[in-house]
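J.: If you read the protein sequences in the order shown, they are chains A and B. Position 116 of the first sequence, counted from 1, bears residue number 116 in this note's numbering, the numbering being contiguous throughout. If you count the second sequence from 1, you need to add 1000 to reach this note's numbering.
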Amino acid sequence: MNEHSLKPVIEARCLSKWFGEVVALNNLTVSIDPGVTGVLGPNGAGKSTFIKLALGLYAPSRGEIRVLGEPPRNNYRVLSRIGWCPEVDHFYDHISGFEFVYWLCRYWGMSPRAAETAAERACEMVRITDRMDDPVDEYSKGMRQRIKIAQALALSPELIFLDEPMNGLDPRSREEMYALIRELGNRGISVLVSSHILYEIERITDNVVLLIGGALIAQGRVREIRELIDRYPHTIQVLSDQPALLAKRFAGEPGVFAVETKGSAVTIRTLTPDSCYDALNALAAESPDWVRSIECVDNNLQAVFDYLTRKNAL
Amino acid sequence: MSPNNTAEPDILWAQRGAIQPGLLQQFRASVAHSFIIMTRRRRFALAAALTFLPALVPIMESFFGRSVYALMASELFTRLAEKLYIDLLSPLLGLFFATMLIAEDVELRTINYILTRPIRRGIWVLGRFTAFLLAAAPILLVSLAITAVACSVERQGFVLSNFTDLKLFFHYVAVQTIALAAYGAFSLFLGALTKRPIVYGVLLIYGWQRVAAFVPGVVDFLTIQKYIDGLKPVLATQRNLVEIQTALGTFQREVFAVGAVKALVVLLVLIGLFLGASALSLRTREFGGDKTAGS
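(1) Are Ala54(A) and Ile10(A) close, meaning C-beta to C-beta below 7 Å?
(2) Measuring only between beta-carbons, confirm whether Arg13(A) sits less than 7 Å from chain B.
(3) Using only CA atoms, which one of Val1215(B), Ala1045(B), Ser1090(B), Leu1134(B) lies nearest to Ala1182(B)?
(4) Less than 7 Å between CB atoms is the rule here; does Leu1108(B) satisfy it with respect to chain A?
(5) Can you give the beta carbon distance from Asn207(A) to Thr37(A), rounded, assuming they're within the 8 Å contact cut?
(6) For Ser31(A), which of Leu40(A), Pro8(A), Ser195(A) has the nearest alpha-carbon?
(7) Quick one: Cα of Ala1048(B) to Cα of Leu1092(B), how far?
(8) Could you give the DSSP three-state label for Lys7(A): helix, strand or coil?
(9) Please identify, using Cβ separations under 8 Å, the residues of the stretch 1116 to 1144 of chain B that lie next to chain C, in order along the chain.
(10) Across which residues does DSSP place Cys14(A) in a beta bridge pair?
(11) So Leu104(A) packs on Gln151(A), CB below 8 Å; how close in whole Å?
(12) Quick test of the definition: if touching needs 3 or more C-beta pairs under 8 Å, does the stretch 130 to 140 of chain A touch the stretch 93 to 103 of chain A?
(13) In the structure shown, what three-state DSSP assignment does Thr270(A) receive?
(14) So with CB distances below 7 Å, who are the chain A contacts of Ala1192(B)?
(15) Helix, strand or coil: how does DSSP classify Phe257(A) here?
(16) Assuming His94(A) and Arg1043(B) make a contact with CB atoms under 8 Å, what is their CB distance in whole Å?
(17) May I ask you to verify whether the stretch 1120 to 1130 of chain B touches the stretch 1270 to 1286 of chain B, counting CB pairs closer than 8 Å and requiring at least 3?
(18) Three-state secondary structure (DSSP) at Trp84(A)?
(19) I believe Val1106(B) touches Phe1287(B) by the beta-carbon criterion, under 8 Å. Please report the beta-carbon distance rounded to the nearest angstrom.
(20) Near His1033(B), which residues of its chain fall below 6 Å by C-beta distance, leaving aside the five closest residues on each side in sequence?
(21) Between Thr1237(B) and the rest of its own chain, which residues show a CB-CB distance below 8 Å, the 5 nearest in sequence each way excluded?
(22) Can you tell me the Cβ-Cβ gap for Leu1133(B) and Leu1180(B), rounded? I've got them flagged as a contact below 8 Å.
(23) On the three-state DSSP scale, how would you describe Gly45(A)?
(24) By Cβ distance, which residues of its chain are closer than 6 Å to Gly63(A), with the 5 residues on each side in sequence left out?
(25) Apart from the five residues just before and just after Arg121(A), which ones in its own chain have a Cβ nearer than 7 Å to its Cβ?
(26) Would His1033(B) pass as an interface residue toward chain A - the criterion being a Cβ-Cβ separation below 7 Å?
(27) Is the beta carbon of Ile217(A) closer than 7 Å to that of Leu210(A)?
(28) Is there a Cβ of chain A sitting closer than 7 Å to that of Arg1285(B), yes or no?
(29) Taking 7 Å as the CB-CB limit, is Gly1022(B) close to chain A?
(30) Since Gly41(A) and His196(A) should fall inside the 8 Å C-beta cutoff, what is the C-beta to C-beta distance between them, to a whole number of angstroms?
(31) Kindly indicate if chain A contains any beta-carbon less than 7 Å away from that of Arg1040(B).
(32) Using beta carbons (cut-off 7 Å, strictly below), is Tyr1113(B) in contact with chain A?
Take a look at the structure:
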């Protein structure tokens, strides 16, 4: 464990970035500790902008960002310790996968022989050795994704940014990717993975940063984020033999703002889930046919994410 | 992706901290990569073929120009070296190759890989520029040499074994190389700064420079051509006298000549400025977005 491992790998303070009139990131203050962290958010949430600010590709419009303790823009000390796999495929023309990784290693300052070794090993790591001498133009989407990851891994960085790395991968490759990222984390490499699919992040890490509309919605462990539900309308689904009566019973309750019935299912949306659960439990004790089962449909992170996304979209 | 295979990654991770980015290695990487990219393009072969075309002129002329009007070998060589190689082909090769040295990375967005590497922007730009010179200068040199040989065959007044003529040849080689460097640096700068560097390059090099040469006053000091002319051998007496033919008559304008040393210094300063500005542009511009290419 080196001196940096105890400090946050990324610190943003009042960070904003806008392009003309479009605000991509709005007053973001966040601190990301070493380890594997997922940056979640729908398209346009500001994930890629945040990563590009952390990479120094963008200069903050306001506020500041520090990566490994220093501002990253044009900072060669920081850049020598990080790797990046971009979301979109960008390659040189007429170049093989191996050459792509090789030249990017050379730009890092490696000798030709060291770059060759590093490129070969990186290609091996992402299992593309047998096709590494083929032109990138002939690669499938998944193979392009792998070669992009290879160039990020080739230099054994301390911090790796993976922008939507699962895009275009087949199910087997995705599983391998999950395992690889977890393995990187186990080896002490800090990894920042962006995704708009919560399931992917859940497979990789418990640490998440939730961005929506360029703002930080939540940060912490999945469990902690789930507790945010208590601050927002909570969705409870009740199976009942008397759905109409149950719906009528809860329609006027304080904190309940929506009740829907569909067959025997009653969906209650409430801002006061605790009192709602108390009332349902009491009702279940008095009249079991009114409440056959209670299910919190927000129990999955995807639901939280969907909810928060929906709420912010409105 | 084989996380279970711990042997390879262990070796890989063991490298961490052992590699210190070396400036010389980075420069060499930039030169070699750029050179390979350039020479793999079809347009490289096309440009090379175009560059060799002037060598046909003395050969054709020796076949069809046997008359009292036939040019002397030295005159023919001087005309070809100045008008075709220095004034036309040097900027053309600059536009062909140097405009794309940075602009192509911006267009393909591979620039982001470079900018997230710990390579100094100036080193990268200098490497690309050097690769351009290494690719383009030999083509021009060989073509000029062939032209010189072709001029001296079956003619009088220009023999490469003669010391004076050889000196003249090398003088033109040097001027041509400096012209190539100056136009290359300018084209590279346009590529780093604008979205359509070739269009701007054609307008400025073949448009503005021609216009400025005829505008009275000292406007022509704002052209690269002015200083390149200052480096040319003092052979043609009319070089510093510009004739403008109009419907009203023929006018002449006085041209303020620039000494060779001053011209060389100015050109070297310009090359440095263009390269420096290109590197600065890489430091200050943002290339991360999908709509930033060349914007």
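No residue lacks a Cβ here, since even glycine has one placed at the ideal position from N, Cα and C. Values in this document were obtained by computation on a predicted structure and should not be read as measured data.
T.: Inspection of the coordinates gives the following:
(1) Yes, these two residues count as a Cβ contact at 7 Å.
(2) No, Arg13(A) does not count as interfacial toward chain B.
(3) Checking every option, the nearest Cα to that of Ala1182(B) belongs to Ser1090(B).
(4) By this cut-off, Leu1108(B) is an interface position.
(5) About 5 Å separates the two Cβ atoms, so the contact holds.
(6) It is Pro8(A).
(7) So the two alpha carbons sit approximately 11 Å from each other.
(8) Reduced to three states, the DSSP call for Lys7(A) is coil.
(9) This model lacks chain C altogether; the protein chains it does include are A and B.
(10) Cys14(A) pairs with nothing; no bridge assigned.
(11) Right, the Cβ-Cβ distance comes to about 5 Å (below 8 Å), so this counts as a contact.
(12) Touching, yes.
(13) DSSP places Thr270(A) within a strand segment (E or B) once states are collapsed to three.
(14) Chain A residues near Ala1192(B): none, gap ~15 Å exceeds 7 Å.
(15) Strand, per DSSP.
(16) The beta-carbon separation of His94(A) and Arg1043(B), rounded to 12 Å, does not stay under the 8 Å limit for a contact.
(17) Contact between the stretch 1120 to 1130 of chain B and the stretch 1270 to 1286 of chain B is established, with three or more Cβ pairs separated by less than 8 Å.
(18) Three-state result, Trp84(A): strand.
(19) Taking 8 Å as the upper bound for CB-CB distance, Val1106(B) and Phe1287(B) are in contact here, some 6 Å apart.
(20) Nothing listed; no residue qualifies.
(21) Reliability of the predicted coordinates at Thr1237(B) is poor, the pLDDT of 47 falling under 50, and no value is obtained from them.
(22) 7 Å between Cβ atoms; contact.
(23) Looking at the sequence provided, one finds Ala at residue 45(A) rather than Gly. Per DSSP, reduced to three states, the secondary structure at Ala45(A) is coil, with no helix or strand assignment.
(24) For Gly63(A), where only same-chain residues beyond five positions count, the Cβ hits under 6 Å are Arg13, Cys14, Leu15, Ser16.
(25) Closer than 7 Å at Cβ, skipping near neighbours: no residue.
(26) At least one chain A Cβ lies under 7 Å of His1033(B).
(27) With respect to the 7 Å criterion, Leu210(A) and Ile217(A) are classified as neighbours on the basis of their beta carbons.
(28) Using a Cβ-Cβ cut-off of 7 Å, Arg1285(B) does not count as an interface residue toward chain A, since no Cβ of chain A sits closer than that to its own.
(29) The beta carbon of Gly1022(B) sits closer than 7 Å to some beta carbon of chain A.
(30) The beta-carbon separation of Gly41(A) and His196(A), rounded to 6 Å, stays under the 8 Å limit for a contact.
(31) Yes - at least one Cβ of chain A is within 7 Å of the one on Arg1040(B).
(32) By this cut-off, Tyr1113(B) is an interface position.
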